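The structure appears below as structure tokens.
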Amino acid sequence: MSVAVFFTALASAMLINNVILMRFLGICPFLGVSKKIESSIGMSFAVAFVMLVATLFTYIIYYTLLEPFDIEYLRIIAFILVIASLVQFVEMFIKKFSKGLYKSLGIYLPLITTNCAILGVAEGNIIIDFNSSYNFFGGLALSLTNALGAALGFGLIMFAFSAIRVRLDAQNVPKEYKGVPISLVVAGIMSLAFFGLQGLI
Amino acid sequence: MASKTGFLRKTSPYVREPKAKVEKMMYDVLIALIPVIIFTIYKYEFTAVWIILVSIVSMVGTEFLYYKLRKEPFTMKNGTALISALIYALIMPDVTPLWIVFIGGVFGMYFGKLVFGGMGANIFNVAGFARVFIVISFGAFLVYDVDTVAGATALGVVKANPFDMMILGDFNLWNMFTGVGEAGSIGELSGIAILLGGLYLAFRKSLDWRIPVSYIGTVLGLSTIAALIVGAEMTYPLFTILSGGILFGAIFMATDPITSPVTGPGRIYYGFGLGVITFFIRIFGALPEGVVFAILIMNMFVPALDYYKWANSKFTIKSTLVFSVVVLVTVGLLVVGVWQ
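First to last, the sequence lines map onto chains A and B. Residue 44 in this note's numbering sits at position 44 of the first sequence, and the numbers go up by one each step. For any residue, its number in this note's numbering is found by taking its place in the second sequence, counting from 1, and adding 201.
See below:
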């Protein structure tokens, strides 16, 4: 397995199969937390963190617990349980050991529990089934790369979108389009534009 | 748009070009488009005339009706809608059915410009958005007409095998520059006509030279690197620039003062991003042409480039460092991608 595989996985998860614009996951924080650039960056870091940890745990649980006992069909329930409890645990841990980080992530961490992008990426890694083409640890590394790419793509789009919203707030948008409607129009156009990257890899 | 005192609130180009008047800039663009339009009509005759007319009717008509129905004061005289309509018409393939031109014009004008609050408020290039909308919605209708003299469009042929020099040899660079014997979008064929318009605009200071120069320079640089790696002939970079819509996009679409960054360095980054995305879509992507997509994608990063906390009108050490890292990563990506 060469470096190029990781490169491809990263770029593909970040740009070509962007979580928000091409797979339509995580739309809730995309619209909810993008009013200010600072909060969108904070949210992106929290999502990146949880996405990596959740991918790590769900991958291990799937291949050491669910698959050997032939209960793969339980994976969505298992993953939801794992992610929710993981986020709670991480929140308590951060609160205890790093007040600064807790303050900056604080509001967003509980929100992420219900972020479908996390479950989508964890589930997607299982569906791609890296495990059969590479060994256990190779698959784990690729899954983590995939999660990192998805998180970077999420952050990139959140960042651009929040800057657009800040600019739109200062403008004479017609009354009936002010706020969320114009944001949805912008999101639609962004998604159209990203369609052009299709097939890049 | 109108405040209680009854005067028209004006935005944009002023901020970006302090001395400019909207009317002056827009009429300059109109004048610069004349050689391109003349060439287009000479080449495609009534097909081109109809496409241009339908496009003008749909875009200008939508804007006119919108403000009439809302009973808001507005001015047609600044000509922004007219220019969007002309650019939109010129990036159409010659076989586009007129009803598609019409739908794209109405939709693009309404959702690309009017819902944002009219002139100076749009985030995305209106013509580019309209074109992308119809490419995705009606892609099957936009197949380029195969010219019996010139064969298929240069990009469509090259798409199959980007570096096959036998194929590249079939396209005479001089023909591509003058646009005499080639197929493609109606307004993008003649390099000479487009460059004439560009020089006029640059001379009148109605466009910022940084965007086209960094855009075309980036594409030149990247294609030279790609040609060196695969051992292609050195006509490949020139071919890349003359084929498709890069010249037209760089001069008439990317320099749109509303949807490009305010600061000088920001404009250079913007042109760089355009070049990279265009070239990557061309050699790696599923579509043969990436100019309009590149313009839309970079448009969405313009507010971030302009954000007051870090936008700077001078190059700083930090920004130069970050930029050079980005350039290096891009070149690395290209090398890895082409090598496979």
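Glycine is no exception: its CB is placed at the ideal position from the N, C-alpha and C atoms. None of these values were measured; they are calculated from a predicted model.
Can you tell me the Cα-Cα spacing of residue i and residue j, whole angstroms?
i	j	result
T8(A)	I442(B)	27 Å
A397(B)	P236(B)	Reading off the sequence, residue 397(B) comes out as Leu, not Ala. So the two alpha carbons sit approximately 8 Å from each other.
W511(B)	G319(B)	27 Å
R411(B)	F154(A)	30 Å
F79(A)	G124(A)	12 Å
F130(A)	E434(B)	40 Å
A48(A)	F6(A)	17 Å
L408(B)	L475(B)	17 Å
I257(B)	F494(B)	22 Å
A54(A)	F24(A)	19 Å
R165(A)	A193(A)	17 Å
L439(B)	L86(A)	55 Å
V574(B)	G139(A)	The structure shown has nothing for residue 574(B), since chain B only spans 202 to 541.
P274(B)	Y268(B)	7 Å
F524(B)	L429(B)	24 Å
T349(B)	V327(B)	A caution first: T349(B) carries a pLDDT of 36, below 50, which makes its placement in the model too unreliable to give a value.
W300(B)	E264(B)	18 Å
V180(A)	L31(A)	8 Å
D295(B)	S386(B)	6 Å
Y108(A)	F45(A)	10 Å
Y401(B)	W540(B)	41 Å
R271(B)	Y59(A)	56 Å
A233(B)	V19(A)	41 Å
I61(A)	A141(A)	15 Å
A117(A)	I27(A)	8 Å
G392(B)	Q198(A)	29 Å
A394(B)	F453(B)	12 Å
E389(B)	T241(B)	9 Å
Tell me the DSSP secondary structure of residue i in three-state form.
i	result
S391(B)	coil
P294(B)	strand
S514(B)	coil
S415(B)	helix
S191(A)	helix
S285(B)	helix
S461(B)	coil
S132(A)	helix
S407(B)	coil
T206(B)	Only weak support is given to the placement of T206(B): the predicted model assigns it a pLDDT of 46, under 50, and the value that follows is read from those uncertain coordinates. Coil, per DSSP.
V536(B)	helix
Using only the heavy atoms of the ligand SAH, determine whether one of them is closer than 6 Å to the beta carbon of residue i.
i	result
T436(B)	Absence of the ligand SAH is noted for the structure shown, with no ligands found whatsoever.
Quick one: give me the first and last residue of the alpha helix (DSSP H) that residue i is part of.
i	result
T58(A)	I37 to I61
K269(B)	F247 to R271
S2(A)	Careful: S2(A) lies outside any alpha helix (DSSP H) and carries neither H nor E.
K95(A)	R75 to F97
T114(A)	First-last for T114(A): undefined, no H or E at that position.
F485(B)	G465 to F485
Y437(B)	T436 to L443
R165(A)	F136 to D169
I27(A)	I27 to G32
V493(B)	V492 to N500
L506(B)	V503 to D507
Under 7 Å between C-beta atoms, does residue i make it to chain E?
i	result
L192(A)	Any reference to chain E falls outside this structure, whose protein chains are A and B.
Beta carbons nearer than 7 Å to chain A: which residues of the stretch 481-512 of chain B have them?
F481, I482, F485, G486, A487, L488, G491, F494, L497, I498, M501, F502, P504, A505 and Y508
Using a beta-carbon distance cut-off of less than 7 Å, what residues from the stretch 305-335 of chain B approach chain A?
F312, V316, F317, G318, A322, I324, F325, F330, V333 and F334
Could you tell me which uninterrupted beta strand (DSSP E) segments, each at least 3 residues in length, are contained entirely in the stretch 304-348 of chain B, listed from first to last along the chain?
none
Interface residues of the stretch 9-40 of chain A facing chain B [CB-CB below 8 Å]:
A11 and I37
Members of the stretch 258-285 of chain B near chain A, C-beta cut-off 7 Å:
none
When Cβ atoms are compared, which residues of the stretch 455-482 of chain B fall closer than 7 Å to chain A?
F481 and I482
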